[in-house]
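Below is one structure, written out as structure tokens; comments come after it.
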Amino acid sequence: MDMTEVPAFVDIFSLVNLLLQFLDSFAFLVLAAVGLVVIFGMMGIINLAHGEFILVGAYSTTLAAVAGAPFVVAVVIGTLTTAVFGILLERSILKRFYDRPLDSMVATWAISLMMIQGTRIYFGNSITQASTPFGSINYGPYSYSAYRVALAGVSVAVLIGIYLVFTRTEFGLKARATIQDADTARAMGVNTERIYILTFGFGSALAGLTGALYAPTLSMSPEVGQNFLVEAFVAVVVGGSSVVMGTSLAGILLGAINAFFSNVYSTFWGRIALLAAAILAIRLMPYGITGVIENIRDRRRAGMSLRESLKIPAVTVLLGGGSND
Amino acid sequence: MTEAVEKLRSAFSALNGPNTYGNGRAFWTAFAVGLVAVFAYPMFVGSYSAGQATLYLLYGFLGLSLCFIWGYCGVLSFGQVAFFGVAGYAFGVVTLNFGAEATVPAALAGVVIATVVAAALGYFMFYGGVRDVYVAIVTLAFTLVMYTFMAQTAGREWAIGDARLGGFNGMPGIPNITLGGTSFSGATFYYLVAVLLLVTYLGLRVLVNSRYGRVMVAVREDEDRAEMLGYNVKLVKFVVFTFGGTLAGFSGVLYASWGNFIDPSVFALSFAALPIVWVSVGGRESLIGAVAATFGVQRLDQELAATGSEWALVIIGALLLFVIMFMPKGAVPYLDRYAKAGLGWLREKRGAGSDREVKAVDSD
Amino acid sequence: MKGMDRRDFVKATGVAGAAGLAGCIGGDDVGDDGPTVGIIEDRSGNFGLVGTPKWASTRLAIEEINEDGGILGEEIDIFDPDPQSDNTRYQELVEQAIQEYDVDALWAGYSSATREAIRPIINRNDQLYFYTTQYEGGVCDQSIFAVGATARQQLGVVIPYMIDEYGPDAYTIYADYNFGQLSEEWTRIILDENGGNLLGEEAIPLEETDFGSTINRIQEEDPDFIVSMLVGAEHEAFYDQRLSAGITDIPIATSTNMAQGYGHRRLEAPSMENVHCGVNYVEEVDTPASNEYVDAMYDRFDDLEYVNQEGQNNYFSVYMWKEAVEEAGTFDEDAVKEVLQEGMEVDAPEGTIELNGATHHMTHNMRIMRADENHEIDFPGEPEIIEPTFLEEDIGCNLPENPEERQYEPFGPDSPYEDPFPDV
Numbered sequence: 000m001d002m003t004e005v006p007a008f009v010d011i012f013s014l015v016n017l018l019l020q021f022l023d024s025f026a027f028l029v030l031a032a033v034g035l036v037v038i039f040g041m042m043g044i045i046n047l048a049h050g051e052f053i054l055v056g057a058y059s060t061t062l063a064a065v066a067g068a069p070f071v072v073a074v075v076i077g078t079l080t081t082a083v084f085g086i087l088l089e090r091s092i093l094k095r096f097y098d099r100p101l102d103s104m105v106a107t108w109a110i111s112l113m114m115i116q117g118t119r120i121y122f123g124n125s126i127t128q129a130s131t132p133f134g135s136i137n138y139g140p141y142s143y144s145a146y147r148v149a150l151a152g153v154s155v156a157v158l159i160g161i162y163l164v165f166t167r168t169e170f171g172l173k174a175r176a177t178i179q180d181a182d183t184a185r186a187m188g189v190n191t192e193r194i195y196i197l198t199f200g201f202g203s204a205l206a207g208l209t210g211a212l213y214a215p216t217l218s219m220s221p222e223v224g225q226n227f228l229v230e231a232f233v234a235v236v237v238g239g240s241s242v243v244m245g246t247s248l249a250g251i252l253l254g255a256i257n258a259f260f261s262n263v264y265s266t267f268w269g270r271i272a273l274l275a276a277a278i279l280a281i282r283l284m285p286y287g288i289t290g291v292i293e294n295i296r297d298r299r300r301a302g303m304s305l306r307e308s309l310k311i312p313a314v315t316v317l318l319g320g321g322s323n324d
Numbered sequence: 000m001t002e003a004v005e006k007l008r009s010a011f012s013a014l015n016g017p018n019t020y021g022n023g024r025a026f027w028t029a030f031a032v033g034l035v036a037v038f039a040y041p042m043f044v045g046s047y048s049a050g051q052a053t054l055y056l057l058y059g060f061l062g063l064s065l066c067f068i069w070g071y072c073g074v075l076s077f078g079q080v081a082f083f084g085v086a087g088y089a090f091g092v093v094t095l096n097f098g099a100e101a102t103v104p105a106a107l108a109g110v111v112i113a114t115v116v117a118a119a120l121g122y123f124m125f126y127g128g129v130r131d132v133y134v135a136i137v138t139l140a141f142t143l144v145m146y147t148f149m150a151q152t153a154g155r156e157w158a159i160g161d162a163r164l165g166g167f168n169g170m171p172g173i174p175n176i177t178l179g180g181t182s183f184s185g186a187t188f189y190y191l192v193a194v195l196l197l198v199t200y201l202g203l204r205v206l207v208n209s210r211y212g213r214v215m216v217a218v219r220e221d222e223d224r225a226e227m228l229g230y231n232v233k234l235v236k237f238v239v240f241t242f243g244g245t246l247a248g249f250s251g252v253l254y255a256s257w258g259n260f261i262d263p264s265v266f267a268l269s270f271a272a273l274p275i276v277w278v279s280v281g282g283r284e285s286l287i288g289a290v291a292a293t294f295g296v297q298r299l300d301q302e303l304a305a306t307g308s309e310w311a312l313v314i315i316g317a318l319l320l321f322v323i324m325f326m327p328k329g330a331v332p333y334l335d336r337y338a339k340a341g342l343g344w345l346r347e348k349r350g351a352g353s354d355r356e357v358k359a360v361d362s363d
Numbered sequence: 000m001k002g003m004d005r006r007d008f009v010k011a012t013g014v015a016g017a018a019g020l021a022g023c024i025g026g027d028d029v030g031d032d033g034p035t036v037g038i039i040e041d042r043s044g045n046f047g048l049v050g051t052p053k054w055a056s057t058r059l060a061i062e063e064i065n066e067d068g069g070i071l072g073e074e075i076d077i078f079d080p081d082p083q084s085d086n087t088r089y090q091e092l093v094e095q096a097i098q099e100y101d102v103d104a105l106w107a108g109y110s111s112a113t114r115e116a117i118r119p120i121i122n123r124n125d126q127l128y129f130y131t132t133q134y135e136g137g138v139c140d141q142s143i144f145a146v147g148a149t150a151r152q153q154l155g156v157v158i159p160y161m162i163d164e165y166g167p168d169a170y171t172i173y174a175d176y177n178f179g180q181l182s183e184e185w186t187r188i189i190l191d192e193n194g195g196n197l198l199g200e201e202a203i204p205l206e207e208t209d210f211g212s213t214i215n216r217i218q219e220e221d222p223d224f225i226v227s228m229l230v231g232a233e234h235e236a237f238y239d240q241r242l243s244a245g246i247t248d249i250p251i252a253t254s255t256n257m258a259q260g261y262g263h264r265r266l267e268a269p270s271m272e273n274v275h276c277g278v279n280y281v282e283e284v285d286t287p288a289s290n291e292y293v294d295a296m297y298d299r300f301d302d303l304e305y306v307n308q309e310g311q312n313n314y315f316s317v318y319m320w321k322e323a324v325e326e327a328g329t330f331d332e333d334a335v336k337e338v339l340q341e342g343m344e345v346d347a348p349e350g351t352i353e354l355n356g357a358t359h360h361m362t363h364n365m366r367i368m369r370a371d372e373n374h375e376i377d378f379p380g381e382p383e384i385i386e387p388t389f390l391e392e393d394i395g396c397n398l399p400e401n402p403e404e405r406q407y408e409p410f411g412p413d414s415p416y417e418d419p420f421p422d423v
């Protein structure tokens, strides 16, 4: 297939194909990114061992499922194991890096190296995969993996969950206060150390959940986490540091682009389009979607009408130029 | 005569300044000893080991390129390997079309193309308002795009003249660098790279200790303040980033001719992380640290791999973690501090006679 | 001054200490002067899964030979570092094997990218080198003995079977790099030769794990069978998605899956149901020679997960080299190469096969390896000896006469083939 071919939107079924592909891509992007975004957005750490947090979730889920645990229980086990793992790592190593986020990249890269090889030494080159729940969705001559579509629902639930955690719980309130200004938060009596631990644990749990959910669909090798890295970083680039808003909008935007090009042209063009969109997005929105939204919010606060406040960022977005200079 | 000495002295003083570690007599003496060791090395180990060491030396340019832009201007690029790779491919394309005699124009082409790509990406970022850690993420995304794109160029349609890009399998048969009929390989290539690295290192020292170097450091320390003081911060970052691309490109050209081969793995995440590792281990703000750490880390990595031990990657990871945890600014600043303390202690013990020496060291 | 010495000293001791530490852990049995072979096969990184059986097989063969009194009365030393699936590291290690250990024969590399990365070094040093992975074919190189089955041999056994069994219409999906693209070209030729028909094809980027659109496109074309040249752990996600999309009833012909990465053991049944792989060997082959080899492998290596096709290729080629050395009466690489170039019959675990001296390729006992819904393996039909015809007959590669160092492609300028399906 090449790019000159006319897109094949011939019937309603092809549109369903496109929609399901979109949901699939959306879920993958959002779930790949959430753990990374929480740790990056809230703590400023670029976690290059993100893939290996996913590996912990995927392996523990798979081992539990293959040992006979029901799938949902296995997912919970995978998520919790990763949270505990993340907290242990934070306490023993990463807490030393809070004031030097760039060094944390090297530290997490080293951790990633050790974890991949450690997994290989301990578990061998692969472990037996768990089975994918549900069957297929059938329509016309086509079908689609029901589980992968269901993951879109899960990813939306996860986003809502994160939103609620950060807006409706005391932890969320304190976490946001700590992120905004740790010194003031401490002066106000917030135990910032504890907040860091919990935030890191929460981010780890999300990465673990991703690993758990995708465990039955991917081949279980020590490199399994590497599958998520490109999507995760691209989603962070486009979404920016806001966990819920940025990630979900990035998921929608990139998922649509990826689905369209994969579906109409080929998987290859889907991938190239995804990466190209990321680079373009950075030029137009240097701080990601988050930056654009904050800009609008600032203008609103400055007393502009909604209409007016949308106008300028829209122009910036279309014509380029930094929105956060 | 005295005029010549004066000139030499002023040239030497341009090498020293507050922006480099090691400015005193002790440093330069040790440097000279180290240099002799580097140049004597092939005579003791033979051509093969020299050839292997050449790889670590030529990676030195890549390490320096990141040290220069990150350590001195605060721009963390995750994409130095992209310029490295682009230059290597360009060198391959030109030499495969015009033969080994064209290595000099090919090397120039590679470096120029890497520079242009870096300039384009730098313009795109710095004039688009991309800052801080986002620069790292954008450059990483760019590198990964290059990887995906180059990996699929196996078809016959992906050829420039006689040179097939070769997709994932890469581009074999790239000739050695050839100057005036001499093909550089083994020990000769080692000396070529060592001399070039020495010149580059000294040149960068002059640069970072110059007025422009101080502006770079001002930008690193506080962009807004530098802007307020009237410096064109965007331009500074753009120029520095572009020059970083030139250095990385130079490294890529040498790499392609070292292995007579280049493939898309130069754009892979695992390779992209290496310069950051080298520079962090050696000390971000130390040029000599970047070169030494590049050499040390790669050498050790190779030694471990050669044992065939399954623990090799675990050990290398643990060592990196150890260095980064306990020497926050990198190994060279750490060692520098202890060296100074030790030196001071020695002088004190010996008494007043060596005042001048202590002063020279203290002025670092 | 003293301070600087100390700095250098600390650095030096640090490196030496770590290297020494590694020396205690690693285990290469390299002596000083005796004959040495290099085994540079991946045991970690992306190719660790498929490379480990190759490393183990080569080691086993050398150890067996040493127990049996060695070759020409000399014990064989082994240099077996771990290249960690990194091509630059391969270049360093191959150089080291040749220069420092002066290896008399070399087994190295899984992927064709690795082969290409080390080829300049091999050629420069005229190193006797065995490349044992099944591959796209076409390497006509005086220093390389490419003893694995080629795409033409593998697809040549499985595609005709699929056409007979399921119908003529095929849809091809392949990894978007050299191996996949050239195998795809072979698919076209072999389909055409056997009255098949190509409905469509898609190249899949190497790191892709999402196959939703691909499956939809396959369903749109509704082929009788799929030809798959997917590679690596990422692409294995296709089989799970194939299962959960419910298209396991469309049979698959492949040259890659199962025989190398033993997906039928690792993936959940029945995702590999109805997959047919053209192989020259896998551990399920049930002959006395095969069983003896497989038992020896599991006896020797406790952690071994599978004895794959490539492992066997390493194993028999070590014995082939031994025979050539004995016939030559010397380890001298040129002399050994000369003996090999006269052709040689080999009793391998897969059966009796023959080395074609002119092209450095092997005839192979090609089988169809089929997985059922429980991932049990059977081999429909009789093993079929397939000759490596492309280089000898179509290209005229004759290395003893004309020592080239090239790779030919099925639709390349020197090949007689033309694309039979130019519109797809």
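Residue numbers (numbering that gives the first Met the number 0), protein chains in the order written: chain P, 0 to 324; chain E, 0 to 363; chain F, 0 to 423. Beta carbons are placed, not taken as given, at the ideal position from N, Cα and C, and that holds for glycine.
- Close to Leu71(F), with beta-carbon spacing below 9 Å, lies no residue of chain P; the smallest spacing is near 36 Å.
- In the three-state DSSP reduction, Val55(P) falls in the helix class (H, G or I).
- By the neighbour-count criterion, in which a residue is buried when 16 or more other Cβ atoms sit within 10 angstroms of its Cβ, Met187(P) is exposed.
- Shown in chain order are the members of the stretch 254-269 of chain P whose Cβ falls below 9 Å from a Cβ of chain E: Phe267.
- The beta carbon of Thr171(F) sits closer than 6 Å to the beta carbons of Glu183, Thr186, Glu200 and Val226 from its chain, once the five residues preceding and following it are set aside; these are given in chain order.
- At the C-beta level, Gly166(E) and Ala158(E) stay beyond 8 Å of one another.
- Annotation for Leu273(P): Val233, Leu253, Ile256 and Asn257 place their beta carbon closer than 7 Å to its own, counting only its chain and skipping 5 residues before and after.
- Here Ala347(F) really is in contact with Phe315(F); their C-beta atoms are around 4 Å apart, less than 8 Å.
- Take the alpha-carbon of Glu66(F) and the one of Val317(F): they are about 14 Å apart.
- Assignment of Gly21(E) by DSSP, reduced to helix, strand and coil, places it in the coil class.
- With a beta-carbon spacing of about 21 Å, Asn279(F) and Pro250(F) fall beyond the 8 Å limit used to define contacts.
- If you ignore the 5 residues before and after Thr253(F), its C-beta comes within less than 8 Å of the C-beta of Val157, Val226, Ser227, Met228, Leu229, Val274, His275, Cys276 and Gly277, all in its own chain and listed in chain order.
- Taking a beta-carbon distance threshold of 8 Å, Glu309(E) counts as an interface residue toward chain P.
- In the DSSP assignment, Pro171(E) forms a beta bridge with Phe260(E).
- Residue nearest to Gln180(F) within the set Ser142(F), Gly147(F), Asp333(F) and Glu135(F) is Glu135(F) (criterion: CA-CA distance).
- Secondary structure of Trp157(E) (DSSP, three-state): coil.
- Met271(F) carries a coil assignment under DSSP once its states are collapsed to helix, strand and coil.
- Sequence-ordered contacts of the stretch 106-118 of chain F with chain E read Ser111, Ala112, Glu115, Ala116 and Arg118 [C-beta pairs closer than 7 Å].
- Where Trp106(F) is concerned, the enclosing beta strand (DSSP E) starts and stops at Ala104 to Ala107.
- A straight-line Cα-Cα distance of about 34 Å links Gln83(F) and Gly342(F).
- Around the beta carbon of Phe325(E), fewer than 16 other beta carbons sit within 10 angstroms, so the residue counts as exposed.
- Going by beta carbons, Ala330(E) and Ala272(E) fall outside the 8 Å limit.
- If you check each beta-carbon in the stretch 33-53 of chain F against every beta-carbon of chain P, the ones closer than 7 Å belong to Ser43, Asn45, Gly47, Leu48 and Thr51.
- By the CB criterion at 8 Å, Leu75(E) and Ala135(E) fall inside the cutoff.
- One alpha carbon belongs to Gly87(E), the other to Met170(E), and they sit about 10 Å apart.
- In this structure Leu299(E) does not touch Ala109(P) by the C-beta definition: roughly 13 Å separates them, more than the 8 Å allowed.
- Scanning chain F for C-beta atoms nearer than 9 Å to the C-beta of Tyr47(E) yields Glu94, Gln95, Ile97, Gln98 and Glu99, reported in chain order.
- In this structure, the alpha-carbon of Gly343(E) lies about 29 Å from that of Gly212(E).
- Straight through space, the alpha carbons of Ala232(F) and Ala66(P) are spaced by roughly 23 Å.
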